[in-house]
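Novice: Residues in the sequence shown are numbered from 223 upward in steps of one, following my numbering.
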Amino acid sequence: MILVFRRSATRGEVTHAEERLKEIGLEPHTLFGVERTVIAAIGDERVTSAEELSTIPGVEKVLPILAPYKLASRELSPTPSVFEIGGGECEVKPHPQRAAFGGKFIPVIAGPCSVEGRSQILEVAQAVKAAGASALRAGAFKPRTSPYQFQGLAEEGLEYLAEARAATGLPVVTEVLTPTDVPLVARYADCLQIGTRNMQNFLLLRACGAVSTPVLLKRGMAATLDEYLLAAEYVLTSGNKRVLLCERGIRTFEQHVRNTFALSIVPALKEKTHLPVLADPSHGTGVRSLVPPMARAAIACGADGLLVEVHLDPEKALTDGAQTVSVQDFEKMMKECRAVAEAVGRTM
Ligand code: PEP
Ligand code: MN
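Encoded structure:
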């Protein structure tokens with residue numbers, strides 16, 4: 223349920239309400255809005271009633287949250303959330319530069335699929351920055367279909383990413399595969415990526431919810447919209463409020479692409495949730511030539527950010543080369559996307 227406070231409610235009344243909810247057995251999640259304060263009371267609602275909660279001092283009205291996901295829903299937060307990644311919160315080679323998601327500006331997260339070596343990541347970081355990227359992304363821990371494929375450089379890769387951040391100021395996004403690795407990856411990263419194969423790894427979702435590093439949660443390749451937002455809800459209800467969503471293509475019968483880029487979920491998600499919604503045309507298509515046109519389409523339909531795989535020499539990429547664009551293609555793509563962004567009232 224949502225407790226909506228009167229405009230005149232005091233901090234003391236809000237604190238009292240939080241304590242009352244805990245006594246009753248509900249978890250309060252408080253949002254201090256510009257106009258009003260609201261508390262989402264999360265838990266088994268059979269312990270109380272809307273009538274009982276509306277007698278708490280300062281409360282103007284009590285509303286049900288009808289969506290199965292509560293903290294992620296627009297019912298709780300009708301206006302879109304805007305939040306930053308970066309800002310020097312990580313431990314290893316922090317940098318104060320930030321990137322804000324969910325606002326008028328559309329940030330692009332770019333980089334190679336994997337960290338392959340020190341000079342590779344340092345050079346590509348400079349190149350994507352020069353082309354206008356707002357954050358660097360590359361995997362140090364890779365979820366590979368075959369155990370015989372390159373698995374990533376692990377902590378050595380994280381070190382190189384931290385160096386690339388120090389050199390460029392770009393916040394770093396990188397994947398975490400297991401709950402036990404969360405503290406390690408959070409020491410180096412500005413944003414923890416949870417990949418498509420782990421979207422319903424509930425222990426990992428909770429572990430990422432327990433740290434303050436923002437999370438980039440990719441859509442499971444067979445997940446429905448409700449399942450996706452309930453996965454985000456695991457992170458939110460564990461205490462981490464900064465969750466970026468990202469459509470990366472789903473599995474269908476289609477064979478001319480690696481995945482079917484289901485872009486209609488972008489506006490659909492934005493109707494249901496206040497969280498920023500990004501799109502990944504690289505995994506979404508799996509085909510290099512299709513990345514720029516689908517990046518433009520993602521911007522046109524309202525994506526709040528892009529995730530794009532870029533490599534200095536895509537032919538030689540150790541992972542996902544077929545869907546990776548060159549630096550030159552990325553520069554061109556950015557220019558084209560800027561024109562589309564302008565046409566839909568945004569900037570890039
Ligand atoms: C990746 O971003 O390189 C990746 C493995 O993504 P996904 O989880 O979407 O397959
Ligand atoms: Mn990849």
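Just so it is clear, CB atoms sit at the ideal spot from N, CA and C, and this is done for glycine as well. Note that the coordinates shown come from a computational prediction; the quantities given were computed from them, not determined experimentally.
1. Please go through the same chain and pick out, in chain order, the residues whose beta-carbon is closer than 7 Å to the beta-carbon of A321, but skip the five residues on each side of it.
2. When DSSP labels each residue in this structure, what does P515 get in the three-state scheme?
3. What residues in its chain sit with their C-beta under 8 Å from that of P171, if we drop five residues either side in the sequence?
4. Nearest CA to the CA of T277: which residue from G567, K538, R242, T569?
5. Shortest alpha-carbon distance to T418 belongs to which of I472, E345, V226, Q545?
6. Using the C-alpha atoms, what's the distance from L406 back to V479?
7. Across which residues does DSSP place A501 in a beta bridge pair?
8. Does DSSP classify K554 as helix, strand or coil?
9. Would you tell me roughly how many angstroms separate the C-alpha atoms of S299 and E564, rounded to the nearest one?
10. Determine contact between the region 529-536 and the region 287-297, defined as no fewer than three beta-carbon pairs at a distance below 8 Å.
11. Could you say which of S295, A484, M223 lies nearest to V269 if we only look at CA atoms?
12. What does the Cβ neighbour count give for T541, buried or exposed, with the cut at 16 atoms within 10 Å?
13. Examine the ligand PEP and report whether any of its heavy atoms sits within less than 6 Å of the Cβ of C335.
14. With DSSP collapsed to three states, give me the class of K244.
15. How about D542: is its Cβ closer than 6 Å to a heavy atom in the ligand MN?
16. To which residues of the same chain is V346 closer than 7 Å at the C-beta, ignoring the five residues directly before and after it?
17. Express the C-alpha separation of A411 and R441 in angstroms, rounding to a whole number.
18. Return the chain-ordered ranges of every beta strand (DSSP E) run that is complete within the region 279-323 and spans a minimum of 3 residues.
19. Quick one: residues in its chain with C-beta nearer than 8 Å to the C-beta of T507, no 5 flanking neighbours on either side, listed in chain order?
20. Using C-beta distances below 7 Å, list every residue in its chain close to E267, excluding the 5 sequence neighbours before and after it, in chain order.
21. By alpha-carbon positions, which one of F254, R409, L253 ends up nearest to K315?
22. Of all the beta strand (DSSP E) runs that stay within the bounds of the region 428-495, which reach a length of 3 or more residues?
23. Drop a sphere of 10 angstroms on the beta-carbon of R233, count the other beta-carbons inside from all chains shown, and report buried for 16 or more, exposed for fewer.
24. Would you say the beta carbon of R470 is closer than 6 Å to some non-hydrogen atom of the ligand PEP?
25. Use the C-beta contact count for F227: other C-beta atoms within 10 angstroms, 16 or more gives buried, fewer gives exposed.
26. Pull up the distance between the alpha-carbon of N420 and that of V562, whole angstroms please.
27. Assuming N462 and V488 make a contact with CB atoms under 8 Å, what is their CB distance in whole Å?
Specialist: So, from the listed chains and residues:
1. Locating residue 321 in the sequence shown gives position 99, counting from the first residue. The answer, listed in chain order, is E306, I307, G308, P329, S356, A357, P393.
2. Taking the first residue of the sequence shown as position 1, residue 515 is located at position 293. Note: P515 maps to helix in three-state DSSP.
3. Nothing can be reported for residue 171: it is not among the residues displayed for the chain, which extend from 223 to 570.
4. Within the sequence shown, numbered from 1, the residue matching residue 277 stands at position 55. The shortest C-alpha separation from T277 is found at R242.
5. Walking along the sequence shown from the start, residue 418 turns up at place 196. Closest by alpha carbon: I472.
6. Counting from 1 along the sequence shown, the entry for residue 479 is found at position 257. Counting from 1 along the sequence shown, the entry for residue 406 is found at position 184. V479 and L406: Cα-Cα distance of roughly 35 Å.
7. Residue mapping note: residue 501 aligns to position 279 of the sequence shown, counting from 1. E469, L528.
8. For the purposes of this step, residue 554 is taken as the residue at position 332 of the sequence shown. In this structure, K554 counts as helix in the three-state DSSP scheme.
9. One-based indexing of the sequence shown puts residue 299 at position 77. One-based indexing of the sequence shown puts residue 564 at position 342. Looking at the two C-alpha atoms, the distance is approximately 27 Å.
10. no
11. For the purposes of this step, residue 269 is taken as the residue at position 47 of the sequence shown. The shortest C-alpha separation from V269 is found at M223.
12. Sequence index remark: in the sequence shown, residue 541 carries index 319 (1-based). It is buried - the Cβ of T541 has at least 16 other Cβ atoms within 10 Å.
13. Within the sequence shown, residue 335 is the residue found at index 113, counting from 1. The answer is yes for C335.
14. Translated into positions along the sequence shown, residue 244 becomes position 22. Note: K244 maps to helix in three-state DSSP.
15. Mapped onto the sequence shown, residue 542 falls at position 320. Yes - the ligand MN has a heavy atom lying nearer than 6 Å to the Cβ of D542.
16. In the sequence shown, counting from the first residue as 1, residue 346 sits at position 124. So the qualifying residues of the chain are G333, P334, V532, H533, L534.
17. Here residue 441 refers to the residue found at position 219 of the sequence shown. Here residue 411 refers to the residue found at position 189 of the sequence shown. Cα-Cα distance, rounded: 20 Å.
18. 281-285, 305-308, 320-323
19. For the purposes of this step, residue 507 is taken as residue 285 along the sequence shown, with counting starting at 1. Once the five neighbours on either side are set aside, the close Cβ partners of T507 are G471, V479, R480, N481, F483, V513, M516, Q545.
20. Working through the sequence shown from its first residue, we reach residue 267 at position 45. These residues qualify, in order along the chain: M223.
21. The sequence position of residue 315 within the sequence shown is 93, counting from 1. Measuring from the Cα of K315, the nearest candidate turns out to be R409.
22. 437-440, 465-469
23. Residue 233 sits at position 11 when you count from the first residue of the sequence shown. Burial call: exposed.
24. Working through the sequence shown from its first residue, we reach residue 470 at position 248. Flag set: Cβ of R470 near the ligand PEP.
25. Here residue 227 refers to the residue found at position 5 of the sequence shown. F227 is buried by the Cβ-count criterion.
26. If you number the sequence shown from 1, residue 420 lands on position 198. If you number the sequence shown from 1, residue 562 lands on position 340. Cα to Cα, the separation comes out at about 32 Å.
27. Against the sequence shown, residue 462 aligns to sequence position 240. Against the sequence shown, residue 488 aligns to sequence position 266. Contact flag wrong, Cβ pair sits at about 22 Å.
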